[in-house]
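Trainee: Take this structure first; my questions come after.
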Amino acid sequence: MGKFYVTTPIFYVNDKPHIGTAYAVIVADILARWHKIKGEDVFFLTGTDEHGEKIEKSAEKMGKSPKEFVDEIAEKFKSTWKELNIEYDKFIRTTDKDHEYAVAFITDLINKKGDIYKGEYEGWYCVPDETFLTDLELKDGRCPACGREVKKMKEENYFFKLSKYQEKLLSLYSNNSSFVIPDFRLREVENRIKEGLHDLDITRKSVKWGIPFELDKSFTIYVWLDALTNYLSGIGWPNNKDFTELWSNSVHVVGKEINWFHSVIWPAFLMSAGIDPPKQVLVHGWWTIDGKKISKSFGNAIDPVDLVKRYSSDALRYALIKEKRIWDDGDFSEESLKARINGELAADLGNLVYRTLTLVEKFEGELEGTPELDSKLKLNKIVEAMDNFDTYLALSIIWDFIKETNKYVTDREPWKLKEKELGNVLYNLLEAIRIIATLLYPFIPHTSNRIFSQLGISASKLEDCKFTEIHSRPRKGEPLFKKV
RNA sequence: GUCGGGGUAGUACAGCGGUAGUACGUCGCCCUCAUGAGGCGAAGGUCGUGAGUUCAAAUCUCACCCCCGACACCA
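Put into C-alpha cells, the structure is as follows:
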C-alpha cells in the first residue's frame, strides 16, 4: 500500500490562527484526504513552534510562565483546526520532550560530521526580532523588518557550514526538478544559491526559552534547527526505525516566505546528518483580504473560526480552493465567499442533489439503467491535476461534471418520463452524484458525508468512481447549502 | 540593488507561434423536477507601452513603464 506524509509549517504561537495559517492547514488536509480516498496510508502532521525570545517576552507581559502561555495558544490552534474539520494525525509541539530529544540528536549528528564551528559574529542585531543583520541589510540604519533601532554586536556564536552544501543542493534540484513546487520557486532558490551561501548561525546566547545547545550550555538552539526537525520527530525519528517509508513520500506544505528554509537550509541540515531530503516542498502563495495585505497586528486578520460559525467549514474550504491555484497569490473577500455559496454550492451542487432526490422519492420503479453520463466524467484529468497539486484545476473539472449533470436533467426532462425511461435517468443521476460526492470528499468532507447518507450508502473511494449498480434506496434530506 | 512572478472582457483568471477563451456579473430566450434553482444564447477585449523576428505574435527577442514577492524569524 502506498504511503503519504504531509506536513504544515508549525505555527509560531505568538499569533492567533488567521486565514493564512488556516489555508496551509486546509491545503494539507485536502491532500491528506485525497490520498486516503486513493487508498493510501496517510500521516498528516501539524503543530506549533513554541520557543524563542518573543514567546518569553509575550508570556512575561501577560504575567504567565512561558509554558502556561504556549499551552494556552497551542489549545487555541487545536480548537481552530477542529472547527475547520482538519483530520490531522499528530499535533506536534516543539516543547514536546521527544521533539527536544530529536533536536539534540540531529545537532549531534551534524556536529559529528564536523559541520558546526564556533565563530564570531560582528555586525548589527535587532533585539526584538532576534536577528543578525549585515550593513547591506540595514534600511536607513534600522532593522529592515521592523524598522526599529539595531545595536552593534560582537558575539561568539555557533555556525552551521551551510556554504559547504552549495553544490550538493544544486545537484539535488537538477536531479529532482519537482523537489520544489511550483518550479519558479525552485528557480528563485537556485539563483540565490548561485550567488553564494554563507554559513548559518544556529544558536543564541541571550535566549533562555529554547532547547539547550549541548556543546556549550551557555547557548540555546536557534529557531530553524529546532523548528524544522519537527518533521522528523513528528514521525518518531530517531527511534522509529521504519520512518523512512513515510519520509520518502513526504510533502512539506509551506508559505512562500519560508521556502528558503525548507528548500535550502532543511535539506542541507539533513544531508549533513546523513538523512535523505523530503520528497517535495509545496510552496503556497499569500492571501490579501479585500485587496489588502493581512496585517499582523489586527484589523483585517479575519478569524477563520468566525467564518466557519457564520457559514460552514466546507464553504470556507471550498472558497479558498476555488479562488486561486495553491501557488498563486489571491484575494479573499466575504463577498466572494457568499457568491460561491449561493452560485456554486447551493445552486449547482445542492440543488442538483435536491432536485434529483425529489424525483427519486416520487418514483417507485427500479433504479437501474445504462450509463449515459459516464463519458462526461474526466476522471484521469482530475487525478492528474491532484497529483500535480493543482487542487484548483481538479475542483474545476469536478464542477464541470456537476454542470454536465444538471444539463442532463434539462435535456432528458425526467418529469415527462415514466417507468423504465425514468428509472434509467434517475440511475444515471444518482451514480453521478455518488461519484461527485466521492471526488468532493477531500475538499468538502462534511457535505460529502451528508450526500452519502442521503444516498443511503457509506463513503466510497476513488476506485469506486465508476457507474455500477444501485443497491440502496435514497431519501431526500435537508438542502446541502442554504443561500446566504 | 540582485533574483523571481505578473500586467488579457466590468471583475477574477486561462491560453504562451496559427481566426482571442472560461467563470462571475449584465441583457434576452427556453424549461418547471428543484433551494426564484436548471438549460440556451448575446453583448463586452486595438491581450501594459514601444520597437524587432516571422508568411503569421497574448504567445518569441529587446527596451521601457506599472504591480507583487524573495533576499536568511511574515502563513
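In numbering that gives the first Met the number 0, the protein residues as written are 0 to 483.
Virtual Cβ for every residue (Gly too), placed ideally from N, Cα, C.
(1) Ends of the alpha helix (DSSP H) at Ile301?
(2) With distances taken from CA atoms, which of Lys53, Asp28, Ile180, Phe242 is nearest Lys81?
(3) Suppose the cutoff is 6 Å on Cβ atoms and the five residues either side in sequence are ignored; what does the same chain contact list for Thr7 look like?
(4) In the DSSP assignment, find the beta strand (DSSP E) that holds Pro8 and state where it starts and stops.
(5) Within a Cβ cutoff of 7 Å, which residues of the same chain sit near Met385, ignoring the five residues on either side of it in sequence?
(6) Could you please give the first and the last residue of the uninterrupted alpha helix (DSSP H) stretch that includes Tyr100?
(7) Just checking my contact of Arg321 with Arg339 at CB under 8 Å: how many whole Å lie between their CB atoms?
(8) CA-CA distance, Lys77 and Ser205?
(9) Would you list the one or two residues that DSSP bridges to Leu44?
(10) What residue does the alpha helix (DSSP H) around Gly329 start on, and which one ends it?
(11) Given this structure, state the Cα-to-Cα distance separating Leu328 from Trp285, to the nearest angstrom.
(12) With Trp286 as the anchor, note down where its beta strand (DSSP E) starts and where it stops.
(13) Can you tell me whether His261 is buried or exposed, with buried defined as 16 or more other CB within 10 angstroms of its CB?
(14) Specify, as a first and last residue, the run of the beta strand (DSSP E) that Ile115 falls within.
(15) Is the segment 149 to 161 in contact with the segment 115 to 125, if contact means three or more CB pairs nearer than 8 Å?
(16) Taking the alpha-carbon of Pro211 as reference, which of Ser176, Ala103, Glu148 has the nearest alpha-carbon?
(17) Look at the alpha carbon of Gly230 and the alpha carbon of Leu245, and state the distance between them as a whole number of angstroms.
(18) Starting from Lys151, follow its DSSP beta bridges and name the residues at the other end.
(19) Below 7 Å, is the gap between the Cβ of Ala103 and the nearest heavy atom of the ligand ZN?
(20) Keeping to the same chain, check which residues put their C-beta closer than 7 Å to that of Pro444; ignore five residues upstream and five downstream.
(21) Tell me the DSSP bridge mates of Gln279?
(22) Pair every Cβ in the segment 372 to 389 with every Cβ in the segment 343 to 359, then say whether three or more of these pairs are closer than 8 Å.
(23) Using a Cβ-Cβ cut-off of 8 Å (strictly less than) and excluding sequence neighbours within five positions of Thr404, which residues of its own chain qualify?
(24) Could you tell me which of Gly19, Ser457, Phe178, Thr467 sits nearest to Gly368, measuring between CA atoms?
(25) Measuring CB atoms only, is the segment 267 to 276 touching the segment 404 to 413, in the sense that at least three cross pairs come out at less than 8 Å?
(26) What are the boundary residues of the alpha helix (DSSP H) that Val408 is part of?
(27) Starting from the C-beta of Thr20, find all residues in its chain whose C-beta is less than 7 Å away, skip the five residues before and the five after it, and write them out in chain order.
(28) What does Asn379 pair with, by DSSP beta-bridge criteria?
(29) Three Cβ pairs or more, each shorter than 8 Å: is that satisfied between the segment 53 to 66 and the segment 416 to 426?
(30) Under 8 Å: do the segment 35 to 54 and the segment 452 to 465 share three or more Cβ pairs, one atom per stretch?
(31) Exposed or buried, what is Gly530 when buried is set at 16 or more other beta-carbons lying within 10 Å of its beta-carbon?
(32) DSSP three-state label for Lys321, please.
(33) Among Leu281, Leu336, Leu454, Trp265, which has the Cα closest to the Cα of Ile201?
Mentor: This is what the structure gives:
(1) Looking up residue 301 in the first sequence gives position 302. Counting along the chain, Ile301 falls outside any alpha helix (DSSP H), and DSSP gives it neither H nor E.
(2) Looking up residue 81 in the first sequence gives position 82. Checking every option, the nearest Cα to that of Lys81 belongs to Asp28.
(3) As a position in the first sequence, residue 7 is number 8, starting the count at 1. Hits under 6 Å: Ala23, Val24, Ala27, Thr45, Val252.
(4) To locate residue 8, count along the first sequence from 1; it is residue 9. Unbroken beta strand (DSSP E) run through Pro8: 2 to 11.
(5) In the first sequence, residue 385 corresponds to position 386, counting from 1. The residues are Trp33, Ala393.
(6) As a working mapping, residue 100 is identified with position 101 in the first sequence. Boundaries of the alpha helix (DSSP H) harbouring Tyr100: 96 to 111, taken from the DSSP string.
(7) Counting from one through the first sequence, the residue named residue 321 turns up at place 322. Counting from one through the first sequence, the residue named residue 339 turns up at place 340. In the sequence as displayed, the identity of residue 321 is Lys instead of Arg. Right, the Cβ-Cβ distance comes to about 6 Å (below 8 Å), so this counts as a contact.
(8) On the first sequence, residue 77 is found 78 positions in, with the first residue counted as 1. On the first sequence, residue 205 is found 206 positions in, with the first residue counted as 1. Approximately 31 Å between the Cα atoms of the pair.
(9) For the purposes of this step, residue 44 is identified with residue 45 of the first sequence, where counting begins at 1. BP columns for Leu44 point to Thr6, Lys89.
(10) Along the first sequence, one-based indexing puts residue 329 at 330. Careful: Gly329 lies outside any alpha helix (DSSP H), inside the beta strand (DSSP E) at 329 to 331.
(11) Position 329 of the first sequence, counted from the start, is the residue given in the question as residue 328. Position 286 of the first sequence, counted from the start, is the residue given in the question as residue 285. The identity of residue 328 in the sequence shown is Asp, whereas the question assumes Leu. When rounded, the distance between both Cα atoms is 5 Å.
(12) As a first step, residue 286 is located in the first sequence; it is residue number 287 there, counting from the start. Taken as a continuous stretch (DSSP letters only), the beta strand (DSSP E) holding Trp286 covers 286 to 288.
(13) Position 262 of the first sequence, counted from the first residue, corresponds to residue 261. Classification of His261: buried, given that the 10 Å Cβ count is 16 or more.
(14) Translated into the one-based positions of the first sequence, residue 115 becomes position 116. Unbroken beta strand (DSSP E) run through Ile115: 115 to 125.
(15) yes
(16) As a first step, residue 211 is located in the first sequence; it is residue number 212 there, counting from the start. The candidate whose alpha carbon is nearest that of Pro211 is Ala103.
(17) Here residue 230 is taken as the residue at index 231 of the first sequence, counted from 1. Here residue 245 is taken as the residue at index 246 of the first sequence, counted from 1. Per the sequence shown, residue 230 should be read as Tyr rather than Gly. Approximately 11 Å, taken between the alpha carbons.
(18) Counting from 1 along the first sequence, the entry for residue 151 is found at position 152. In DSSP, Lys151 forms a bridge with Trp123.
(19) Inclusion of the ligand ZN in the displayed structure is not the case, the ligand content being empty and no account of it being possible.
(20) Residue 444 sits at position 445 when you count from the first residue of the first sequence. Cβ neighbours of Pro444 beyond the five flanking positions: Arg32, Asn84.
(21) As a position in the first sequence, residue 279 is number 280, starting the count at 1. The partner list for Gln279 (beta bridge, DSSP) reads Val250.
(22) no
(23) For the purposes of this step, residue 404 is taken as the residue at position 405 of the first sequence. Only Leu351, Leu372, Lys375, Leu428, Ala431, Ile432, Ile435 meet the Cβ criterion.
(24) Numbered from 1 along the first sequence, position 369 holds the residue referred to as residue 368. Closest option to Gly368, Cα to Cα, is Thr467.
(25) no
(26) As a working mapping, residue 408 is identified with position 409 in the first sequence. Its alpha helix (DSSP H) spans residues 390 to 411.
(27) Looking up residue 20 in the first sequence gives position 21. Same-chain partners within the cutoff: Phe10.
(28) Stepping through the first sequence from its first residue, residue 379 is reached at position 380. DSSP lists no partner for Asn379.
(29) no
(30) yes
(31) Given a span of 0 to 483 for the chain in the structure shown, any question on residue 530 remains unanswerable.
(32) Here residue 321 refers to the residue found at position 322 when the first sequence is read from its first residue. Helix at Lys321.
(33) Taking the first sequence and counting its residues from 1, one reaches residue 201 at position 202. When each option's Cα is compared against that of Ile201, the closest is Trp265.
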